[in-house]
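To keep things clear, I will list the structure first and then write my remarks on it.
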Amino acid sequence: MYAAKRPSKRPVIFILIVAAWLLAACGSRLSNANWPGLSAEGNIVYVAFGNGVLAYDVETQSNQWVFSPQPGRLSFYAAPSVEDGRVVVGDYGVSQGMFSPGVVVSAYGLSAGSGSTPDELWAANQIAADRIVAPPLQVGDRVFVGTADNQVVALDATDGRELWRKETGHSIWGQPSYKEGVLFVTSMDKKVYAFDAENGDLVWDQPTELGGAIASKALVDTDLIYVTAFDGKLHAISQATGEIKWSAEGQDWVWGAPVMEDGVVYFVDAAGNIYAVDGVSGKQLWTQTVEGTVQTAPAIADGVLYIASDKQSESDAAIVTGLLTAMSTDGGTVLWQQQTAVPIYTAPVIVGEDVVVAVQTTDDLLNAFDRSTGTKKWDVALPDTSQ
-11 MYAAKRPSKR
-1 PVIFILIVAA
9 WLLAACGSRL
19 SNANWPGLSA
29 EGNIVYVAFG
39 NGVLAYDVET
49 QSNQWVFSPQ
59 PGRLSFYAAP
69 SVEDGRVVVG
79 DYGVSQGMFS
89 PGVVVSAYGL
99 SAGSGSTPDE
109 LWAANQIAAD
119 RIVAPPLQVG
129 DRVFVGTADN
139 QVVALDATDG
149 RELWRKETGH
159 SIWGQPSYKE
169 GVLFVTSMDK
179 KVYAFDAENG
189 DLVWDQPTEL
199 GGAIASKALV
209 DTDLIYVTAF
219 DGKLHAISQA
229 TGEIKWSAEG
239 QDWVWGAPVM
249 EDGVVYFVDA
259 AGNIYAVDGV
269 SGKQLWTQTV
279 EGTVQTAPAI
289 ADGVLYIASD
299 KQSESDAAIV
309 TGLLTAMSTD
319 GGTVLWQQQT
329 AVPIYTAPVI
339 VGEDVVVAVQ
349 TTDDLLNAFD
359 RSTGTKKWDV
369 ALPDTSQ
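The sequence shown begins at -11 in my numbering and counts up one residue at a time.
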């Protein structure tokens, strides 16, 4: 199945997203105009948004705990990393004020157990001089954190001790990826870096930079890694050397990471064009479109893509809502669509028979839909973390 591609353009809301991010990076605080970071393990979803981090049990539909280390001052963007009962999350930093310039940025190790507040296992303070936008990655007893001041930092996951630190050419917005002792890091300098995860030694940096910045993580397969960039392309890169093997064309910037199922790689550009590409040859298999601007990666499970976009009102351009589309990987047939009251700028997560999204407001922050039918099952607000 082939559908007409939406023409390349820079949607107004997309420009506003970028502008808001840049303005926020210069300010001392963030409002809830920032986007949530969402992850899941088992039947628990973890969402970092505004001043706090919420753990929510999808099965019992109950809050497990809320973490808010500095209410009213501190904000979170990056999705929490969860592994072996431990949650690691990085904050967006606290400005030190007029007479003490700079930003204090921290990462936290938390117990994933129940209770009104989690146990804080450790805090790595002053980990960076600029914000943490990229979700941390846990591998065994290590945590890898990418920062907006170009740093890749390895921490001991048990106590937060710094083990090594390396630098890239620009900010890191995408979560690091890992395979067989090698850490793959994407950077806004249009390059991918491979580091030895044990000691931080550089294995390679990409000999040929891409045509645009990379704002999302690398997808790691058998011999290749796949990255998307602001040049509107999907790039297949050798894991061994960093050489670009092939590139598949899109029509607009790509914010979100690609996903893969059964040898096919899928990516979505900012204009709402979805592409299915053969993971070996790079041949385009089909394209389809969804309405609105897409800032994030799709989710994929059992032959279905779940794509989050915005939906601009036809009568009032200032009104923007969210749209969740379920699409078959067999040709791109739309299975169902559901609207949310406010935009969705965060990748959906799959939890059992539900697909869960986090929207851009503390009210009705989490929304769950039946994966098969699209029926809305529940929503929940972020508890007050301002006190």
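Ideal Cβ placement from N, Cα and C applies to all residues, glycine included.
With a threshold of 8 Å (Cβ to nearest heavy atom), would residue i be considered close to the ligand ZN?
{"i": "Val347", "result": "By its list of ligands, the structure shown contains no ligand whatsoever, and the ligand ZN lies outside what it can speak to."}
Residues in its own chain within less than 6 Å of residue i by CB, not counting five upstream and five downstream?
{"i": "Val91", "result": "Gly81 and Ser83"}
{"i": "Glu249", "result": "Ile288"}
{"i": "Gly199", "result": "Asp219"}
{"i": "Ser16", "result": "Model confidence at Ser16 stands at a pLDDT of 28, short of 50, so the residue's coordinates are unreliable; what they give is reported in the following sentence. Cβ neighbours of Ser16 beyond the five flanking positions: Ser83."}
{"i": "Ser127", "result": "Reading off the sequence, residue 127 comes out as Val, not Ser. Hits under 6 Å: Tyr166."}
{"i": "Val343", "result": "Tyr294, Pro336, Phe357 and Arg359"}
{"i": "Arg61", "result": "Val82"}
{"i": "Val131", "result": "Val76, Pro124, Leu143 and Ala145"}
{"i": "Asp240", "result": "Ser(-4), Gly220, Asp257, Ala258 and Ala259"}
{"i": "Glu341", "result": "Arg359"}
{"i": "Gly291", "result": "Thr317"}
{"i": "Pro331", "result": "Asp298, Val308, Gly310 and Gln348"}
{"i": "Ala43", "result": "Ile32, Tyr34, Gln52 and Trp53"}
Thinking residue i and residue j are a contact (beta carbons under 8 Å), I'd like their distance in whole angstroms, please.
{"i": "Gln139", "j": "Lys205", "result": "With a Cβ gap of about 16 Å, Gln139 and Lys205 do not count as contacting."}
{"i": "Val93", "j": "Thr156", "result": "That belief does not hold up - the Cβ atoms of Val93 and Thr156 are roughly 16 Å apart, past 8 Å."}
{"i": "Lys394", "j": "Thr313", "result": "One cannot answer for residue 394 here, as it falls past the ends of the chain, which runs -11 to 375."}
{"i": "Ala305", "j": "Val282", "result": "Not a contact, Cβ separation roughly 18 Å."}
{"i": "Thr216", "j": "Phe172", "result": "Actually they are not in contact, since the Cβ atoms of Thr216 and Phe172 sit about 14 Å apart, beyond 8 Å."}
{"i": "Trp152", "j": "Gly188", "result": "4 Å"}
Can you say whether residue i is buried or exposed, counting buried as having 16 or more other CB atoms within 10 angstroms of its CB?
{"i": "Pro246", "result": "buried"}
{"i": "Leu190", "result": "exposed"}
{"i": "Asn355", "result": "buried"}
{"i": "Ile307", "result": "exposed"}
{"i": "Ala369", "result": "exposed"}
{"i": "Pro195", "result": "exposed"}
{"i": "Val75", "result": "buried"}
{"i": "Gln348", "result": "buried"}
{"i": "Asn39", "result": "buried"}
{"i": "Arg149", "result": "exposed"}
{"i": "Gly320", "result": "buried"}
{"i": "Ala36", "result": "buried"}
{"i": "Ala329", "result": "exposed"}
{"i": "Thr361", "result": "exposed"}
{"i": "Asn31", "result": "exposed"}
{"i": "Gly251", "result": "exposed"}
{"i": "Gly169", "result": "exposed"}
{"i": "Asp79", "result": "buried"}
{"i": "Thr363", "result": "exposed"}
{"i": "Gln114", "result": "exposed"}
{"i": "Asp351", "result": "exposed"}
What residues are listed by DSSP as bridge partners for residue i?
{"i": "Trp243", "result": "BP columns for Trp243 are empty, so no partner."}
{"i": "Gln300", "result": "Val308"}
{"i": "Ile160", "result": "BP columns for Ile160 are empty, so no partner."}
{"i": "Phe172", "result": "Ser165 and Ala182"}
{"i": "Glu29", "result": "Ile32"}
{"i": "Tyr261", "result": "According to the sequence shown, residue 261 is Asn rather than Tyr. Answer is Thr277."}
{"i": "Asn355", "result": "Val345 and Asp367"}
{"i": "Val208", "result": "Ile213"}
{"i": "Arg130", "result": "Val127 and Asp144"}
{"i": "Ala111", "result": "Tyr96"}
{"i": "Asn51", "result": "Tyr44"}
{"i": "Asp266", "result": "Val252"}
{"i": "Asp318", "result": "For Asp318, which the question treats as bridged, DSSP gives no partner whatsoever."}
{"i": "Lys154", "result": "Val140"}
{"i": "Ser69", "result": "Val76"}
{"i": "Thr328", "result": "Gly310"}
{"i": "Phe64", "result": "Gly38"}
{"i": "Asp193", "result": "Tyr181"}
Can you find the residues in the same chain that come closer than 8 Å, C-beta to C-beta, to residue i, ignoring five residues on each side of it along the sequence?
{"i": "Lys167", "result": "Val208 and Gln227"}
{"i": "Gly73", "result": "Ser99, Ala100 and Gly101"}
{"i": "Gln49", "result": "Trp366 and Val368"}
For residue i, collect the residues of the same chain with a Cβ closer than 7 Å to its Cβ; drop the 5 residues on either side in sequence, then sort them by chain order.
{"i": "Glu108", "result": "Tyr96 and Leu98"}
{"i": "Ala236", "result": "Lys221, Leu222, Tyr263, Val265, Gly270 and Gln272"}
{"i": "Ser327", "result": "It should be pointed out that residue 327 corresponds to Gln in this sequence rather than to Ser. Taken in chain order, the residues that qualify are Lys299, Thr309, Gly310 and Leu311."}
{"i": "Lys233", "result": "Leu212, Ala224, Ile225 and Ser226"}
{"i": "Ser104", "result": "Trp53"}
{"i": "Phe55", "result": "Gly40, Val41, Leu98, Thr105 and Pro106"}
{"i": "Asp193", "result": "Lys179, Tyr181 and Gly230"}
{"i": "Asp376", "result": "Only positions -11 to 375 of the chain appear in this structure, which leaves residue 376 out of reach."}
Practice task
Give a yes or no on contact between the stretch 139 to 153 and the stretch 218 to 227, applying the rule of three or more CB pairs nearer than 8 Å.
Solution key: no
Problem - Segment contact flag, the stretch 333 to 347 with the stretch 279 to 294, C-beta cutoff 8 Å, min 3 pairs - result: The stretch 333 to 347 vs the stretch 279 to 294: in contact.
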